[in-house]
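The structure appears right after this line, and notes come after that.
In UniProt numbering, the protein residues as written are 1 to 1105.
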């Protein structure tokens, strides 16, 4: 074996600077792999320019400004902008003399060449402790069994998953080079930090969109970039100085090796690496093409044996046995037992390696031999999980640690050593500097004189000033308080210092809390349909079974094999369809959430806030993508989506972040006279797994809303979105899971199941569902509640409404009727009227009725209908971009009913001003459009005034007086929300107090939901509340707690008179009469209304003790 020296600091520095020298000599003769949205010509040009602008300046130690991250373009994984690898010459490098640069570069190039040819050694398959017999296979099997019982069974994946750029991971990706660099970045840092570093590379250098490396970083662009740019890209991950140099050196070495292998393959030489000879002709041509296009690859390591792969990997700078072993285990899928700090610690405690002799390197060599191959993957994962989560097996823990009493599944096998929590740590003495003395020592005589003089003068001035102030105050201070006043007066100069200090401490505390709970940057794959250049598959292109499924869904008939999604505004087909969940799928989802919730329930509110902050950050930074997904799946406009999806979701997140902990903090409750020695509390604990069956009208908000409350209360959540919005729900699920994963929590905590009604019954009656929220229609609610009753599952029910808006006719209201009309228009036509708290009845008093009718008539008649995504970016250059006023309805299934209700109302005397029928849109024949409708002179007796329409219909009703308006408002079976517009306080108060509704807005529409007040209705609109404090407590176990206030002094004791047996003798006091009299005395003592009555009770009590 040869000796390996590339891990030395000198070699690493040499390798990185040699890379800088070589880069100035490199040019691309053939076309490189193209970055997305960049033509081959553009990239080739940019790369040639790049090679001419290389800088070899040494990085200054002062902090450089962070690189600006471009806005996110439409990439397959939404991992960053498409970056042209063009690098400008650093201003700092231009001032370095060329001859100095050349001298340094040439000297270090020699060092690199020596490192490349130096002997290196790697040992695998030979234990460094041949006399240490542990562990044997039985011990490994036993530990694997015990840990699996706690952390779950670990099964190696049959295939390597597609690369994720949200989480760096430990190399479980198809590309070997990708795996190697991911593992390098994850070394000596946290998962969050390594993810930040990897994301920085993505943002800076872009990703490949084809080939084996599809979806991963463009490593050749990283290779060609200046060292400073690589450092800036990964600096948020920590240790960027060392890692950036190693990273560039590795990429340069891989590039050189790829070119050398290409030359051997082109020439057809027999001499060369052993893995080149048996290659097929197609494999050879593919490797040549990759090298020609500078597509960096180490995938040839798949064909070599484990020992050769290990030796190849550890030759790179910064790559040791642990990193190489991770690549072997996770990427190459070879049985290899990588040893990290957690594994090394637990193995020492188990006695699997000599505790006093072993290091992580020698432990790897020993355990690689002793652990059976089939257990290496699972034990590696289990040891890491256990080492991070077990209260007794974490790095620094002790008997005072939280959870210590829960025990450890391998407690009987381990002997813990090392530093334990609670041990005193020695503090070094603090050296104090006497600045005055130092100053005087520089000028011994003059310094002492000046210092003494200035000190004396200052003291005299201070004394005189204080004395004068005190003398002025003395006449006003009582003589008895003069000593105290003097003492306080002397401390006045210190008060300012104390206040400033307290302020600084408080600001520091706030800063530390903010850092601890700071949002984490993450990304998830963006569906291709959301990108602006997506054309999509038209409805007309659907053929065969696909067309039958779509036509069936139009009629409300759903296929149990596949659900197809399409845009209701224009008919474009979304995705490839999904298979509806079966009962087995539902059960698996619930069990996965249940398992993840056990760990989640132990998190602090700070950890939960961090997840919500991370999710809020994503929502705010990706409004365009989220709104586009909502518009595609529901047909609404962007303005409707912004109000109804983004704004309210951001509000719910922010409110929960700011006020959620207060709502769930244990509360003290009052006690009574008899129980004065007790203290009472109410605590709010997680329920377990909660579920929500939500409607389609707000795909994002209805999906994420229950998740926010559920997870903040410590629960797992299973959401059943509507079949109508199955496509967008999959995207939103990944967003939530991405936030959880980015913060280090299990993705399985949140589940989504799209199923048909017969399977939904299994979900709503599942015994592991602790609470259910239902948003939908009354007929379905009856079935849901009947199903939930089987498991006695509590249900919060929100069933929509027929919300009234009462318009009073005081002078100010009449003068502001135009502004009120604007609010009413938003209330009626928001999301094409598909809004559970939409205004369905406008009840106007005589003084405003005609004015309001005239104002809204012209507006409604001028409404434009259409697909906002196509009309905002028209394909026809002759067509001007312009957003429509209103989008489509989710389905045409209700059109017949709507037209019948409107026709019936007209026959009974209502006036149809405009609309009233479906619209066959000339540009979107497969869109579901209903004309914006204005129907006046509607009366409560008409069916349309009693039926929830969920459609763009403005119903105008006339009321003779305020009491009449209230009567009309209360004339339906619904009572969800209501609005009152007016400025006569008596009339407004009468409406607010007498209208039957769960929520009321004054001079507004739906404002109660924008401030997270409890949301819900009464009568036929459901029961229970979500949102606000009540919503959080509704998904919590409300536990009452009564404990002794002074347990060492007072506690409950049963007096002998009422202790069993009650009858203790024959006299009146012993035969039970005395017990009865004593009980009467207890009740009178506690609850008599007068003092005399209480005294009587006390006497009765004492008499019968």
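Quick reminder that beta carbons are idealized off the backbone N, C-alpha and C, glycines included.
**Request:** Tell me whether residue 153 sits in a helix, a strand or coil according to DSSP, three-state version.
**Result:** As a first step, residue 153 is located in the chain shown; it is residue number 153 there, counting from the start. Three-state DSSP puts residue 153 in coil, outside helix and strand.
**Message:** Suppose you measure from the CA of residue 180 to the CA of residue 324; what does that come to, to the nearest Å?
**Reply:** Stepping through the chain shown from its first residue, residue 180 is reached at position 180. Stepping through the chain shown from its first residue, residue 324 is reached at position 324. Roughly 7 Å between the two C-alpha positions.
**Message:** Beta-carbon within less than 8 Å of residue 132's beta-carbon, same chain only, minus the 5 sequence neighbours each way: which residues are those?
**Reply:** For the purposes of this step, residue 132 is taken as residue 132 along the chain shown, with counting starting at 1. Shown here for residue 132: same chain residues with a beta carbon closer than 8 Å to its own, the five before and five after excluded, namely 353, 354, 366 in chain order.
**Asked** Just checking my contact of residue 1018 with residue 996 at CB under 8 Å: how many whole Å lie between their CB atoms?
**Response** Here residue 1018 refers to the residue found at position 1018 when the chain shown is read from its first residue. Here residue 996 refers to the residue found at position 996 when the chain shown is read from its first residue. So it is a contact: roughly 7 Å between Cβ atoms.
**Item:** Among 1037, 1053, 601, the one whose alpha carbon lies nearest that of residue 1044
**Value:** What you label residue 1044 is simply residue 1044 of the chain shown in a count that begins at 1. It is 1053 whose Cα lies nearest to the Cα of residue 1044.
**Request:** With a threshold of 16 other CB atoms inside 10 Å of the CB of residue 1108, please say whether the residue is buried or exposed.
**Result:** The displayed coordinates of the chain run from 1 to 1105. Any statement about residue 1108 would go beyond what the structure contains.
**Asked** Would you say residue 596 and residue 752 are within 9 Å of each other, going by their C-beta atoms?
**Response** Along the chain shown, read from residue 1 onward, the residue named residue 596 stands at position 596. Along the chain shown, read from residue 1 onward, the residue named residue 752 stands at position 752. No, the Cβ-Cβ distance between residue 596 and residue 752 is not below 9 Å.
**Item:** Ranges of the alpha helix (DSSP H) found wholly within the segment 566-610, counting only runs of at least 4
**Value:** 583-600
**Item:** For residue 720 and residue 743, believed in contact at Cβ under 8 Å, the rounded distance
**Value:** The count along the chain shown starts at 1 and reaches residue 743 at position 743. The count along the chain shown starts at 1 and reaches residue 720 at position 720. Rounded, the Cβ-Cβ distance is 25 Å, inconsistent with contact.
**Request:** Would you mind working out which of 571, 520, 174, 232 sits nearest residue 536, comparing C-alpha positions?
**Result:** For the purposes of this step, residue 536 is identified with residue 536 of the chain shown, where counting begins at 1. With distances taken between Cα atoms, residue 536 lies closest to 571.
**Message:** Just to confirm the assignment: which complete alpha helix (DSSP H) runs, minimum length 4, are found wholly within the segment 857-901?
**Reply:** 868-872
**Message:** Run through the DSSP bridge pairs and tell me what residue 804 is partnered with.
**Reply:** Stepping through the chain shown from its first residue, residue 804 is reached at position 804. Residue pairing by DSSP puts residue 804 in a beta bridge opposite 841.
**Prompt:** Within this structure, are the beta carbons of residue 547 and residue 562 separated by less than 9 Å?
**Reply:** Position 547 of the chain shown, counting from 1, holds the residue named residue 547. Position 562 of the chain shown, counting from 1, holds the residue named residue 562. Taking 9 Å as the cut-off, the beta carbon of residue 547 is found no closer than this to the beta carbon of residue 562.
**Message:** On a Cα-Cα basis, can you pick out the residue from 803, 915, 148, 1012 that is closest to residue 970?
**Reply:** Taking the chain shown and counting its residues from 1, one reaches residue 970 at position 970. Here the closest residue by C-alpha is 803.
**Prompt:** Mind checking residue 224: buried by the 16 CB within 10 Å criterion, or exposed?
**Reply:** As a position in the chain shown, residue 224 is number 224, starting the count at 1. Buried, since its Cβ has 16 or more Cβ neighbours within 10 Å.
**Prompt:** Straight-line CA distance for residue 382 to residue 147?
**Reply:** As a position in the chain shown, residue 382 is number 382, starting the count at 1. As a position in the chain shown, residue 147 is number 147, starting the count at 1. The straight-line gap from Cα to Cα measures roughly 6 Å.
**Request:** List the DSSP bridge partners of residue 1023.
**Result:** Here residue 1023 is taken as the residue at index 1023 of the chain shown, counted from 1. Answer is 797.
**Request:** Grab the span of the beta strand (DSSP E) containing residue 999 for me, first residue to last.
**Result:** On the chain shown, position 999 is the one that residue 999 refers to. Per DSSP, residue 999 belongs to the beta strand (DSSP E) from 999-1002.
**Asked** Using the rule of at least 16 other Cβ atoms within 10 Å of the residue's Cβ for burial, across every protein chain shown, is residue 759 buried or exposed?
**Response** Position 759 of the chain shown, counted from the start, is the residue given in the question as residue 759. With a threshold of 16 other beta carbon atoms within 10 Å, residue 759 meets it and is buried.
**Message:** Per DSSP, what are the beta-bridge partners of residue 129 in this structure?
**Reply:** As a working mapping, residue 129 is identified with position 129 in the chain shown. Beta-bridge pairing links residue 129 to no other residue.
**Message:** Going by DSSP in three states, residue 253 sits in which element: helix, strand or coil?
**Reply:** Taking the first residue of the chain shown as position 1, residue 253 is located at position 253. It is helical.
**Message:** Distance check for residue 310 and residue 303, CA to CA, integer angstroms please.
**Reply:** As a first step, residue 303 is located in the chain shown; it is residue number 303 there, counting from the start. As a first step, residue 310 is located in the chain shown; it is residue number 310 there, counting from the start. Going from the Cα of residue 303 to the Cα of residue 310 covers about 13 Å.
**Message:** Suppose the cutoff is 7 Å on Cβ atoms and the five residues either side in sequence are ignored; what does the same chain contact list for residue 642 look like?
**Reply:** Reading the chain shown from its first residue, position 642 is the one you call residue 642. Within the same chain, residue 642 has close Cβ partners 627.
**Asked** So is residue 533 buried or exposed if we call it buried at 16+ other beta carbons inside 10 Å?
**Response** In the chain shown, counting from the first residue as 1, residue 533 sits at position 533. Burial check for residue 533: the Cβ neighbour count within 10 Å stays below 16, so the residue is exposed.
**Request:** Check whether the Cβ atoms of residue 634 and residue 699 sit closer than 9 Å, and answer yes or no.
**Result:** Within the chain shown, residue 634 is the residue found at index 634, counting from 1. Within the chain shown, residue 699 is the residue found at index 699, counting from 1. Yes, the Cβ-Cβ distance between residue 634 and residue 699 is below 9 Å.
**Prompt:** Over what stretch of residues does the beta strand (DSSP E) that includes residue 752 continue unbroken?
**Reply:** Translated into positions along the chain shown, residue 752 becomes position 752. Unbroken beta strand (DSSP E) run through residue 752: 750-752.
**Asked** Excluding five sequence neighbours on each side, which residues of the same chain lie with their C-beta closer than 6 Å to the C-beta of residue 174?
**Response** Sequence index remark: in the chain shown, residue 174 carries index 174 (1-based). The residues 160, in chain order, have a CB closer than 6 Å to that of residue 174 in the same chain once the five nearest residues on each side in sequence are set aside.
**Prompt:** Do residue 727 and residue 501 have their C-beta atoms closer together than 9 Å?
**Reply:** Residue mapping note: residue 727 aligns to position 727 of the chain shown, counting from 1. Residue mapping note: residue 501 aligns to position 501 of the chain shown, counting from 1. Contact annotation: residue 727 and residue 501 have beta-carbon atoms that are not nearer than 9 Å.
**Asked** When the Cα atoms are used, what is the spatial distance from residue 826 to residue 1087?
**Response** Numbered from its first residue, the chain shown carries residue 826 at position 826. Numbered from its first residue, the chain shown carries residue 1087 at position 1087. Distance between the alpha carbons of residue 826 and residue 1087 is about 56 Å.
**Item:** Supposed contact pair residue 888 and residue 1106 - C-beta distance, whole angstroms, cut 8 Å
**Value:** For residue 1106 there is no data in the structure shown, the boundaries of the chain being 1 and 1105.
**Item:** Among 1036, 140, 253, the one whose alpha carbon lies nearest that of residue 683
**Value:** Residue mapping note: residue 683 aligns to position 683 of the chain shown, counting from 1. Comparing Cα positions, the closest option is 1036.
**Asked** Can you find at least 3 beta carbon pairs, one from the segment 643-659 and one from the segment 671-690, that sit closer than 8 Å?
**Response** no
**Request:** Please work out which residues of its chain come closer than 6 Å, Cβ to Cβ, to residue 425, disregarding the five sequence neighbours upstream and downstream, and give them in chain order.
**Result:** In the chain shown, residue 425 corresponds to position 425, counting from 1. At residue 425, the pLDDT of 44 sits below 50, so the modelled position is not reliable and the matter cannot be decided from this model.
**Asked** Of all the options 598, 585, 529, which has the alpha carbon lying nearest to the alpha carbon of residue 567?
**Response** In the chain shown, counting from the first residue as 1, residue 567 sits at position 567. Among 598, 585, 529, the Cα nearest to that of residue 567 belongs to 529.
**Request:** Classify residue 695 as helix, strand or coil using the three-state DSSP reduction.
**Result:** Looking up residue 695 in the chain shown gives position 695. Residue 695 falls in the coil class under three-state DSSP.
**Asked** If we count the other Cβ atoms within 10 Å of its Cβ and call it buried at 16 or more, is residue 232 buried or exposed?
**Response** Walking along the chain shown from the start, residue 232 turns up at place 232. Buried.
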